Amino acid sequence: MRDEAATLDETLAALADQVDFKGCLIPPSHYEVIVFTNNCTDESAAIVRQFARQHPEHQIHLIEQTLPPEEAYIGRVRQILMDEAYRRRCWVGQPRGIIASTDGDSRVDSQWIAAMLYEFERGADAVGGRTVTQRSERQALDVQTRATYLRFVGYRYLIKQLEDYLDPDPFDCPPRHYQFFGANFAITHEMYALVGGLSPLHTGEDVALHQALLAFGAKVRHSFLMRVTTSARQQGRATLGLADRLAQFQHLSQRQQVFLVEPGAAVEAKLRARRDLRSYWWRYSTGQPALAQPCLASLATQLAVPLTMLHQAVEQSSSPGELYQQIDQHQQTAGLWQRQWGSVAIDKAIADLRLRLYRLRQQNPVAAGRLP
817 MRDEAATLDE
827 TLAALADQVD
837 FKGCLIPPSH
847 YEVIVFTNNC
857 TDESAAIVRQ
867 FARQHPEHQI
877 HLIEQTLPPE
887 EAYIGRVRQI
897 LMDEAYRRRC
907 WVGQPRGIIA
917 STDGDSRVDS
927 QWIAAMLYEF
937 ERGADAVGGR
947 TVTQRSERQA
957 LDVQTRATYL
967 RFVGYRYLIK
977 QLEDYLDPDP
987 FDCPPRHYQF
997 FGANFAITHE
1007 MYALVGGLSP
1017 LHTGEDVALH
1027 QALLAFGAKV
1037 RHSFLMRVTT
1047 SARQQGRATL
1057 GLADRLAQFQ
1067 HLSQRQQVFL
1077 VEPGAAVEAK
1087 LRARRDLRSY
1097 WWRYSTGQPA
1107 LAQPCLASLA
1117 TQLAVPLTML
1127 HQAVEQSSSP
1137 GELYQQIDQH
1147 QQTAGLWQRQ
1157 WGSVAIDKAI
1167 ADLRLRLYRL
1177 RQQNPVAAGR
1187 LP
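Following the working numbering, the numbering of the sequence shown begins with 817 at its first residue and continues without gaps.
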């Protein structure tokens, strides 16, 4: 966290005022808060120390460092913080704890801890919570920027809903969302070690952790219960974060340009091929008779990847998640998928996805309505 003095009191107060689903205060001894202030030029560290003095019943720890320029970026900062949380659990002899992440410009819900415990008790290895922007800051955006942002969120939700029909996750049942952001996720102490911790990327460290979890085959829950409100500012501390996304939308708005996304038909084609590919992988990995080679060739054509690459990926992948990631990486690198399907205005993609979902719901109204 760097230079978040303006919001830090609210952030800390929200973490201190945690209650269970019955409204009873969660004992402060049940969790601790670690704050990492790095390269701050404001009073952030002093605010943390003062808050800790005013709330002695809470376990609040401050790490204050000035990192060299080559390390002063969000991926390295979050790695240092999460590694410290991991080590602390080892030191106190409680290796079965939970490590949760939020940001200095964010405010967790009063039942944030209760919500994550609920999901972990039901078998989750990691939980991505629902992150929303502050209403007042969102309303301050110009009309077109705000509309594009809301369309983008809606587009991502529609993809998840289509996935629930075409390629459902047996663990992460609906209702669910698509987010796994640094401001709002939690992971078991054990799983953090199993996936090798957090990669210190300059940006997208939360996305990389999410991908590592899926590649490992972890049970990842995307829970609406675990909520965080974050800033909608357009000048953020992290590159390619929410602030940069909002700035991109504003840039398009100023030039009266539309935001382009993958077409709905492409999304559906990918999900259907992915479902069939998962079935092929399970048969292969369990020693069962796999689908005929022409079927794999057909999947390679549908996914716009070479058959040899797909066959090798099936052999090398230890989980469907790892297999999907190899395919996605090849698609992005080679560009054949993008050239085959192109991009469309987000309004058209949303309309197409809604129509497809409507037809699927007419055919099978309860398929995506199952609760965990």
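A virtual CB, placed ideally from N, CA and C, is assigned to each residue, including glycine.
Everything numeric in this text was worked out from a predicted model, so none of it was measured.
query = Can residue 827 and residue 903 be called in contact, C-beta distance under 8 Å?
reply = no
task = Determine, using beta carbons only, whether residue 935 and residue 1042 come nearer to each other than 8 Å.
result = yes
query = Is the number of C-beta pairs between the segment 1161-1177 and the segment 1115-1134 that are closer than 8 Å three or more?
reply = no
request  = Please say whether residue 878 and residue 869 have beta carbons closer to each other than 8 Å?
outcome  = no
message = I need the DSSP call for residue 877, collapsed to helix, strand or coil.
response = strand
key: Close Cβ partners of residue 997 (< 6 Å) along its chain, the five nearest in sequence each way excluded   = 947 and 1022
request  = In angstroms with no decimal places, state the Cα-to-Cα distance between residue 1120 and residue 1153.
outcome  = 5 Å
message = If distances are taken between C-alpha atoms only, which option among 851, 858 and 830 comes closest to residue 819?
response = 858
message = Taking the beta carbon of residue 823 as the centre, do at least 16 other beta carbons fall within 10 Å, making it buried, or is it exposed?
response = buried
query = Quick one: Cα of residue 832 to Cα of residue 1024, how far?
reply = 29 Å
Residue from 862, 852 and 871 whose Cα sits closest to the Cα of residue 844 = 871
task = Classify residue 1048 as helix, strand or coil using the three-state DSSP reduction.
result = coil
query = Thinking just about the alpha-carbon of each residue, which of 1071, 1067, 987 and 889 is nearest to the one in residue 1030?
reply = 987
request  = Grab the span of the alpha helix (DSSP H) containing residue 959 for me, first residue to last.
outcome  = 959-982
request  = Pull up the distance between the alpha-carbon of residue 1011 and that of residue 1032, whole angstroms please.
outcome  = 7 Å
ask   = Is there contact here, the segment 1074-1089 with the segment 1159-1173, by at least three beta-carbon pairs under 8 Å?
value = yes
query = To the nearest whole angstrom, what separates the beta carbons of residue 995 and residue 944, a pair I think is in contact under 8 Å?
reply = 5 Å
query = Of all the options 1045, 968, 899 and 839, which has the alpha carbon lying nearest to the alpha carbon of residue 1016?
reply = 899
query = Are the Cβ atoms of residue 1002 and residue 916 separated by less than 8 Å?
reply = yes
query = Terminal residues of the continuous alpha helix (DSSP H) containing residue 1120?
reply = Neither: residue 1120 is in no alpha helix (DSSP H) and is coded neither H nor E.
inquiry  = Taking 8 Å as the threshold (C-beta atoms), are residue 954 and residue 967 in contact?
reply    = no
query = Closer than 7 Å: is that where the CB of residue 1047 sits relative to any heavy atom of the ligand MG?
reply = Ligands displayed in this structure: none; no statement on the ligand MG is therefore possible.
ask   = Is residue 1013 helix, strand or coil by DSSP?
value = coil
request  = Could you tell me if residue 1026 is buried or exposed, where buried requires 16 or more neighbouring beta carbons within 10 angstroms of its beta carbon?
outcome  = buried
key: Cβ-based neighbour list, residue 1049, same chain, cut-off 6 Å, excluding 5 preceding and 5 following   = 1059
ask   = Going along the chain, which residues of its own chain have a beta-carbon closer than 7 Å to the beta-carbon of residue 850, five neighbours each way excluded?
value = 877, 879, 897, 900 and 901
query = Expressed to the nearest angstrom, what Euclidean distance is found between the alpha-carbon atoms of residue 941 and residue 950?
reply = 29 Å
message = Please report the distance separating the alpha-carbon of residue 860 from that of residue 854.
response = 9 Å
task = To the nearest angstrom, report how far apart residue 1057 and residue 892 are at their CA atoms.
result = 15 Å
key: Length-filtered (4 minimum) alpha helix (DSSP H) runs lying within the segment 856-924   = 860-870 and 890-907
ask   = From residue 1090 to residue 999, what distance separates their C-alpha atoms?
value = 29 Å
message = Suppose the cutoff is 8 Å on Cβ atoms and the five residues either side in sequence are ignored; what does the same chain contact list for residue 825 look like?
response = 863 and 867
inquiry  = Taking 7 Å as the limit between beta carbons, can you name the residues of its chain near residue 1128, skipping five residues before and five after?
reply    = none
query = Distance, Cα to Cα, residue 926 vs residue 1170?
reply = 34 Å
inquiry  = If you reduce the DSSP assignment to three classes, tell me which class residue 1171 lands in.
reply    = helix
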